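Visitor:
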Amino acid sequence: MSFISTFKKKLRIRRGFLTFIILLVFSIWIICAQPIFFNPSVLKLAHWASSENLQTHVKKISEDFFPRDSENTENLNRTAEYIKTQIKQFSREVSEQKFTVKGKEYKNIIARFGALGKPVLVIGAHYDSCEELPAADDNASGVAGLIELARLLTLEYPTNFEVQLVAYSTEEPPFFGSNDMGSYIHAESLSRENKPVIGMLSLEMIGYFSNAWGSQSLPSYLMRLFYPSKGNFIAVVSDFSSYAFTKDVKQGMQRNSELSVYSMNGPPSFYGIDYSDHRNYWKFGYPSVMITDTAFLRNKAYHTIGDTFDKLDYRKMAEVVTSVHQFVIKKNLELEKVSN
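In this text, residue positions in the sequence shown follow my numbering: the first is 869, and each later residue adds one.
1) Could you pull the DSSP bridge partners for residue 1073 from this structure?
2) Over what stretch of residues does the alpha helix (DSSP H) that includes residue 1084 continue unbroken?
3) Taking residue 954 as the reference, which of 1019, 1057, 1087, 923 has the closest Cα?
4) Excluding the 5 residues flanking residue 1113 on each side, which residues of the same chain have their C-beta closer than 6 Å to its C-beta?
5) If you follow the beta strand (DSSP E) that residue 966 is in, where does it begin and where does it stop?
6) Could you tell me if residue 1174 is buried or exposed, where buried requires 16 or more neighbouring beta carbons within 10 angstroms of its beta carbon?
7) My parser needs the alpha helix (DSSP H) runs of 4 or more residues fully inside the segment 927-997; what are they?
8) Per DSSP, which one or two residues make a beta bridge with residue 1159?
9) Could you give the DSSP three-state label for residue 1015: helix, strand or coil?
10) Between the alpha carbons of residue 1088 and residue 963, how many angstroms are there, rounded?
11) Return yes when the Cβ of residue 1098 is within less than 8 Å of the Cβ of residue 1119, no when it is not.
12) Shortest alpha-carbon distance to residue 1052 belongs to which of 1064, 941, 967, 943?
13) DSSP three-state call for residue 1052: helix, strand or coil?
14) Note down, in chain order, each residue of its chain lying with its Cβ closer than 6 Å to the Cβ of residue 1022, except the 5 sequence neighbours on either side.
15) Leaving out five residues on either side along the sequence, give the residues of the same chain with a beta carbon under 6 Å from the beta carbon of residue 941.
16) Indicate whether the contact test is met: 3 or more Cβ pairs, each with one atom in the segment 982-994 and one in the segment 1008-1015, closer than 8 Å.
17) Excluding the five sequence neighbours on either side, which residues of its own chain have a C-beta within less than 7 Å of the C-beta of residue 1082, listed in chain order?
18) According to DSSP, simplified to helix, strand and coil, what is residue 892?
19) Taking residue 1182 as the reference, give the member of 916, 923, 933, 1194 with the closest Cα.
20) Check for me: the beta strand (DSSP E) holding residue 1203 runs from which residue to which?
21) Over the uninterrupted beta strand (DSSP E) stretch that includes residue 1132, give me the two end residues.
22) Can you tell me which residues form a DSSP beta bridge with residue 1117?
23) Tell me the DSSP secondary structure of residue 920 in three-state form.
24) To the nearest angstrom, report how far apart residue 931 and residue 1185 are at their CA atoms.
25) Cα-Cα, which of 1106, 980, 1031 is closest to residue 956?
26) Tell me the rounded alpha-carbon separation between residue 1064 and residue 986.
27) For the beta strand (DSSP E) that contains residue 1036, what are its first and last residues?
28) Assuming contact is defined by CB atoms lying nearer than 8 Å, are residue 1192 and residue 1121 in contact in what I supplied?
29) Return the Cβ separation of residue 1075 and residue 1027 in integer angstroms, given the expectation that the two are a contact with Cβ distance under 8 Å.
30) Rank 1199, 1128, 929 by C-alpha distance to the C-alpha of residue 1077 and give the top, closest one.
31) Whole angstroms are fine: how far does the CA of residue 1158 sit from the CA of residue 1048?
32) Given a cut-off of 8 Å on the beta-carbon distance, is the pair residue 1144 and residue 1070 in contact?
33) Whose C-beta lies closer than 7 Å to the C-beta of residue 1153 among residues of the same chain, with five residues either side of it excluded?
Structural data, given as structure tokens:
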């Protein structure tokens, strides 16, 4: 075989290998990140979340009810009462779901909106903190989002399904990963009652954003090809069983053109995929996602005394809450078309 023939053969092999690598990376991107190649039609929004309201709630919860970890049940109960009082301004259907763990009583707060008795869409956030910390982003931000969603749902609500806003206790250690999590209690009750469930969204740290280069960390080097290095977006995260629902939520949220939305699907064992209350709805076969600012991958004050209300971006946070509400309205319109 001549030198030229050998060279051409090696070149073909290298080209084939390079093509394989490119296709492999492209496939991983498509499967895990679900890129949207066209801009969804932008809705003319009639109702926006209030950044002022969100800041008021985060400040109140992180400062006035400090600390609110599982050992400080008095402050946890005060937090629950505050959530209940705030949401009762917008819904008559507000209840407590009490449960006992190791001799202590805890409670979830459940508020119902829309077409009661029809299939359920759950939007939840935990209100307990890790240890004796302010926990403004983790997770007073998510709870503030729930309260503001309650206000938005009185202005525009679904007519084809029921929305349950649920504030959970016992998400943080030592309960995380156990069946004593408040979200497990709620998910199990839906299953026991044979409730049809559309899906679940967990609001898990939704207030920290940064436009600085390098402000966004990522679990793997390969992900740098697919995701920004600036922490100025919101993420929709889930496992592969919720693949279609993840895409549905992402598209619905992106209809608010002010917000950059990225998504990630992976196995539950992948770093960070199951780090919130959505994990417990998977156990009962319900599609569920986490809406997050990516927690410790961006917010360096995660689980420290520095996680305070003044570090959060309430304008961006309002965009997140507005976008979640718009997903609800989009889903309602889709179901309306199907029923007609």
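The beta-carbon is built from N, C-alpha and C at its ideal position, and this holds for glycine as well.
Just so it is clear, the structure is predicted and the values come from calculations on it, not from any experiment.
Guide: So, from the listed chains and residues:
1) Paired residue(s): none; residue 1073 is not in a bridge.
2) No alpha helix (DSSP H) contains residue 1084, which DSSP labels as neither H nor E.
3) 1019
4) 1067, 1155
5) 962-969
6) exposed
7) 941-955
8) 1071, 1104
9) helix
10) 42 Å
11) no
12) 967
13) helix
14) 958
15) 972
16) yes
17) 1097
18) Caution is warranted here: a pLDDT of 47 is assigned to residue 892, below 50, making its placement in the model unreliable, and no coordinate value can be reported.
19) 923
20) That residue, residue 1203, is in no beta strand (DSSP E); its alpha helix (DSSP H) goes 1182-1207.
21) 1129-1133
22) None, per the DSSP bridge assignment.
23) helix
24) 19 Å
25) 980
26) 8 Å
27) 1030-1036
28) yes
29) About 31 Å separates the two Cβ atoms, so there is no contact after all.
30) 1128
31) 19 Å
32) yes
33) none
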